[in-house]
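*Asks:*
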Amino acid sequence: MTPAKKAFRWVFGICLGLGVLLGLVKLVAPDAASVTWNGAEMTGLGAIAVAGGIGAFFGLIFGLIIAGIVKLATRGSAKA
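Given below as structure tokens:
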């Protein structure tokens, strides 16, 4: 696996994990976190879905940016 793919998977996984974790916190302790969608407070599994979707969206954006930077930084390195 190339370093760019590794970087993308790490960044995407971390962002997705943080989003799902936010949804789980909202599910377990509703007053501890706030998840809103179009001005409506989300509860239950909807909160997990919305938070996970937002985490996946930001994971894709930041993952592609980081993967592009890693690809540019490692393009001149020779394989052994």
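Anchor point for the sequence shown: position 43 equals 37 in our numbering, and the numbering is continuous, going up by one each time.
Here a beta-carbon is modelled for each residue, glycine too, at the ideal position from N, C-alpha and C.
Note that this is a predicted model, so its numbers are computed, not measured.
Roughly how many angstroms lie between the CA atoms of residue 60 and residue 54, to the nearest whole one?
*Replies:* Residue 60 and residue 54: Cα-Cα distance of roughly 10 Å.
*Asks:* Assuming contact is defined by CB atoms lying nearer than 8 Å, are residue 10 and residue 41 in contact in what I supplied?
*Replies:* No.
*Asks:* I need the DSSP call for residue 34, collapsed to helix, strand or coil.
*Replies:* In this structure, residue 34 counts as strand in the three-state DSSP scheme.
*Asks:* Determine the contact status of residue 38 and residue 29, defining contact as a CB-CB distance below 8 Å.
*Replies:* Result no, Cβ atoms of residue 38 and residue 29 do not sit closer than 8 Å.
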